[in-house]
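Written below as structure tokens is the structure these notes are about.
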Amino acid sequence: MHTHKTFHSKAAILHTTACYFALCLLLQAPLLVAYAEHSAHHIALWWNLTFHILCAFSVLCLCIQGQPTHARTLLFTSYYSYIVLATFLWRGDVYIQHFLLIGCLCCVGLFSQHEQRPRLYWGLVFALTFCVIDGLFSYSLHGWQGAIRRSNSITLTLASVGLILTLHAHSRRHLHHLAVNYRHTRQLLIKTTPAAKLTNAFTRPLSHDSNTPLTGFSSSASTGFSTGLMRQSFTSACVLFADIKGYQTLAPLFGEQKVIEALDAFYSQIDVLAAAHNMYPVKTNGDEYMAVSELCMFPPSSASCTSNGEQKGEQKSTHHINNGVLFALAVTATFKIFALKEGWPCQIRIGVAAGPVTAGMPRRQHGIFDVWGKTVNLASMLEQHCNGNAVTVCDSTFPHLAAETQAKFCPILIDSKIGELAAFEHRLTDTHYASNPL
Numbered sequence: 020m021h022t023h024k025t026f027h028s029k030a031a032i033l034h035t036t037a038c039y040f041a042l043c044l045l046l047q048a049p050l051l052v053a054y055a056e057h058s059a060h061h062i063a064l065w066w067n068l069t070f071h072i073l074c075a076f077s078v079l080c081l082c083i084q085g086q087p088t089h090a091r092t093l094l095f096t097s098y099y100s101y102i103v104l105a106t107f108l109w110r111g112d113v114y115i116q117h118f119l120l121i122g123c124l125c126c127v128g129l130f131s132q133h134e135q136r137p138r139l140y141w142g143l144v145f146a147l148t149f150c151v152i153d154g155l156f157s158y159s160l161h162g163w164q165g166a167i168r169r170s171n172s173i174t175l176t177l178a179s180v181g182l183i184l185t186l187h188a189h190s191r192r193h194l195h196h197l198a199v200n201y202r203h204t205r206q207l208l209i210k211t212t213p214a215a216k217l218t219n220a221f222t223r224p225l226s227h228d229s230n231t232p233l234t235g236f237s238s239s240a241s242t243g244f245s246t247g248l249m250r251q252s253f254t255s256a257c258v259l260f261a262d263i264k265g266y267q268t269l270a271p272l273f274g275e276q277k278v279i280e281a282l283d284a285f286y287s288q289i290d291v292l293a294a295a296h297n298m299y300p301v302k303t304n305g306d307e308y309m310a311v312s313e314l315c316m317f318p319p320s321s322a323s324c325t326s327n328g329e330q331k332g333e334q335k336s337t338h339h340i341n342n343g344v345l346f347a348l349a350v351t352a353t354f355k356i357f358a359l360k361e362g363w364p365c366q367i368r369i370g371v372a373a374g375p376v377t378a379g380m381p382r383r384q385h386g387i388f389d390v391w392g393k394t395v396n397l398a399s400m401l402e403q404h405c406n407g408n409a410v411t412v413c414d415s416t417f418p419h420l421a422a423e424t425q426a427k428f429c430p431i432l433i434d435s436k437i438g439e440l441a442a443f444e445h446r447l448t449d450t451h452y453a454s455n456p457l
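Have a look at this one:
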């Protein structure tokens, strides 16, 4: 999860380091002019310096062109090769190999916390190469001088490797802490947004393989919070709208506060029914209640026949529609019981429609999870034209219902603002209520 800030920060550090490397190489030229003749490999020294100056400027060009990963690889490779070659080309032990430890320490700032393996790799390469080269130069020393020299080399190597390993362990603990906090925060987000559980598309886990290092310079952030709840289209969903006919007359009769408390208790009851029918409350607006089924990425018509001639795909793709209608019938029966208990002279109206929708979080700052589309508008329109204590479903929803559910509905025509609509209605009569309250 790399942010743009991290990307620009690491790129800036790399560019600055490359500038220092190029400057240090240029400052080596006067030394070669004055002292290269004392080495038997003075021509090779000039070639070594010239080649690596070109490499340093190539690193800067790659940084400017926006290729920091390649620039970093070239920087470490050229720095390593220059120090190793210069160490052996100069006559005698002039302690050039100690500059390898600077390369080891540079691994701390030039790799992000997600790039554990390349950081360890380059750190070990610089530290172990220093230990080997310094051991070769100190081989001829004897007595206390050789012992101190070799012990210092080993101490510096272990200190450098220890620093890299300590940072590695710290980064792993930090990443683990971030992952735990992320999962906790995501669960809180999903709990506060029940509709986020409608489909796996909204609850993808982090797909991060710990064995595969991520590039520290990828500028595209891939977090669940930025992409996991973004708006997207779905080919099939069942949308329900319910409202209470005569709700406006309740406040003068029972008092506004008592009505609100009773309405909240009723909402709690139908929330339980929603969970039992795999429906998810989206929002409420006064006495209006909106719920939606699980969101599907396949159209109801995409059926594949089995060997018995059954349309397996059809059943798979329409169970959420049947659940939505059964939920509407249960809400209607539950409200009639509730209204009798509270003494409310009201009736409930429910409109149900199925079809494609767009769902997700709006892009504005204070938006909440919502569902949009013609299917939503149709469900709202059916609810507005519905009779009291009745459920009205659109003509495209009815064919996908189970046979026993279809038997409860009768065809009707609705005179809406967009013209005459064919629909199907189930009206909860006293007979229905007495025989099967739920």
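For the sequence shown, the working numbering begins at 20 and goes up steadily by one. Glycine included, C-beta positions come from ideal geometry on N, C-alpha and C. For clarity, every value in this text was computed on a predicted model and none was experimentally measured.
What's the gap between the Cα of Ala-352 and the Cα of Leu-447? 7 angstroms
Gly-111 in three-state terms, based on DSSP: coil
Using the DSSP secondary-structure output, state which residues sit across from Gln-251 in a beta bridge. Ala-378
Looking at chain B, is there any beta carbon in it that lies within less than 9 angstroms of the beta carbon of Tyr-286? The question asks about chain B, but that chain is absent: this structure has only one protein chain.
Lys-29: buried (16+ other C-beta within 10 angstroms of its C-beta) or exposed? buried
Contact check, Ile-369 vs Glu-402 under 8 angstroms by CB: the rounded distance? 6 angstroms
Rounding to the nearest angstrom, what Cα-Cα distance links Thr-36 and His-133 in this structure? 20 angstroms
Within 9 angstroms, strictly: CB atoms of Val-376 and Ala-347: no
Please classify Leu-447: does DSSP put it in a helix, a strand, or coil? coil
Under 9 angstroms, do Arg-136 and Leu-186 count as touching if we go by C-beta distance? no
For the beta strand (DSSP E) that contains Asn-304, what are its first and last residues? 299-304
Compute the distance between the beta-carbons of Phe-145 and Leu-120, then report whether it is under 9 angstroms. yes
Compute the Euclidean distance between the alpha carbons of Pro-319 and Ser-255, then round it to the nearest angstrom. Confidence in Pro-319 is poor, its pLDDT being 47 and thus under 50, which makes the residue's placement unreliable; the coordinate value appears in the next sentence. So the two alpha carbons sit approximately 7 angstroms from each other.
Give the C-beta separation of Tyr-98 and Phe-40 to the nearest angstrom, bearing in mind that I take them to be a contact with Cβ-Cβ under 8 angstroms. 6 angstroms
Three-state secondary structure (DSSP) at Phe-428? coil
Which residues share a DSSP beta bridge with Met-309? Phe-260, Lys-302
Quick check on Ser-159: does DSSP put it in helix, strand or coil? coil
My output table needs one value for Asp-414: the three-state DSSP class, helix, strand or coil. coil
Please state whether DSSP places Gln-366 in a helix, a strand or coil. strand
Sequence-distant residues of the same chain with beta carbon closer than 6 angstroms to Val-78, five excluded per side: Ala-37, Ala-90, Leu-93, Leu-94
Taking the DSSP output, what are the residues bridged to Asp-434? Glu-439
What does the Cβ neighbour count give for Leu-397, buried or exposed, with the cut at 16 atoms within 10 Å? buried
Could you give the residue range of the alpha helix (DSSP H) that holds Ile-72? 61-83
For Ala-349, does the count of other Cβ atoms within 10 angstroms reach 16, so buried, or fall short, so exposed? buried
Under a three-way DSSP split, which group does Cys-405 fall into? coil
Nearest-angstrom Cα distance between Cys-123 and Gly-181? 11 angstroms
Buried or exposed for Ile-433, please, with buried defined as at least 16 other CB atoms from any protein chain shown within 10 angstroms of its CB. buried
Endpoints, the alpha helix (DSSP H) within which Gln-276 is located: 275-295
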